[in-house]
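Residue numbers (the working numbering): 8 to 185. Where a beta carbon is used, it is the ideal one built from N, C-alpha and C, also for glycine.
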Amino acid sequence: MQPECLDGGTVVLRPLRDDDLQAIVEACQDPEMIRWTTIPQPYGEPHARDFVHAFAERGWADDTRAVFAIADPVTDAYLGAVDLRLAPDESAEIGYHVAPWARGRGVGTAALRLVCRWGLEVLGLQRIEWQAAVGNVGSRRIAEAVGFVVEGTCRRRLVHRGERVDAWIGSLLPGELR
Ligand SMILES: CC(C)(COP(=O)(O)OP(=O)(O)OC[C@H]1O[C@@H](n2cnc3c(N)ncnc32)[C@H](O)[C@@H]1OP(=O)(O)O)[C@@H](O)C(=O)NCCC(=O)NCCS
């Protein structure tokens, strides 16, 4: 797949670039990122380079992942990232984070809505799956805001910093996006 740019008005989704590296490293020092995601710890520039090139670029190239930077529509500055991990059966799993300095003003919700619309309408996905460690109410709040239905709790579903933890799981199907 060719990397895409999507314009959602309040946010833009665009390919990750080397000039995002510093902001990615900064965002990944945040306690909430460490608490709720599987980012390496400690997190430095080599990890950010890996994210931009090995994870994102390669994902687009081999059709396994569509990885976007969430950017400010005016300044183009990095505000976070959202990705769809694509399975061969027209389904995908979504992942996202918003940098601490961009939180609490609808960026996560807008980015989620935009990438899900693209996934359903352009890629023809039949199911987008969301999962988060139990207790990640921020992640759940924005998933539900765009139409994801929480289906339940999977016991010891995720390995988080060496420990197995329970996960909420949910999905968004065609026609459900809000
Ligand atoms: C979860 C996250 C993406 C939210 O991004 P955001 O841009 O701040 O979210 P929004 O501003 O769109 O918030 C939408 C709603 O969720 C609520 N919300 C956001 N974070 C919240 C939190 N930590 N606790 C409770 N509610 C939260 C907001 O109050 C808002 O509610 P409202 O619509 O009733 O006003 C961001 O906090 C984050 O990156 N967290 C760390 C990484 C992470 O957990 N990623 C998901 C892994 S599954």
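Status (buried if at least 16 other CB within 10 Å, exposed otherwise) for residue i
{"i": "V166", "result": "exposed"}
{"i": "A88", "result": "buried"}
{"i": "V144", "result": "exposed"}
Cα-Cα separation between residue i and residue j, rounded to whole angstroms
{"i": "P181", "j": "L127", "result": "6 Å"}
{"i": "G177", "j": "E136", "result": "6 Å"}
{"i": "G51", "j": "T71", "result": "25 Å"}
{"i": "A150", "j": "L119", "result": "8 Å"}
{"i": "R24", "j": "V141", "result": "32 Å"}
{"i": "Q29", "j": "H60", "result": "15 Å"}
{"i": "V114", "j": "R148", "result": "13 Å"}
{"i": "A63", "j": "D57", "result": "8 Å"}
Sub-8 Å separation of residue i and residue j beta-carbons
{"i": "L91", "j": "A73", "result": "yes"}
{"i": "W175", "j": "A117", "result": "no"}
{"i": "L132", "j": "A109", "result": "no"}
{"i": "L191", "j": "V153", "result": "There is simply no residue 191 to check, as the chain begins at 8 and stops at 185 in what is shown."}
{"i": "P80", "j": "T17", "result": "yes"}
{"i": "A106", "j": "R21", "result": "no"}
Endpoints, beta strand (DSSP E) assigned at residue i
{"i": "A76", "result": "72 to 78"}
{"i": "L23", "result": "No beta strand (DSSP E) contains L23, which DSSP labels as neither H nor E."}
One or two residues paired with residue i in a DSSP bridge
{"i": "D90", "result": "V74, G102"}
{"i": "V166", "result": "R171"}
{"i": "S178", "result": "E136, V156"}
{"i": "D83", "result": "The partner list for D83 (beta bridge, DSSP) is empty, contrary to what the question assumes."}
Host alpha helix (DSSP H) of residue i (start-end)
{"i": "W137", "result": "No alpha helix (DSSP H) holds W137; the beta strand (DSSP E) holding it covers 134 to 140."}
{"i": "A118", "result": "114 to 128"}
{"i": "L28", "result": "28 to 34"}
{"i": "A109", "result": "Element bounds for A109: n/a, residue is neither H nor E."}
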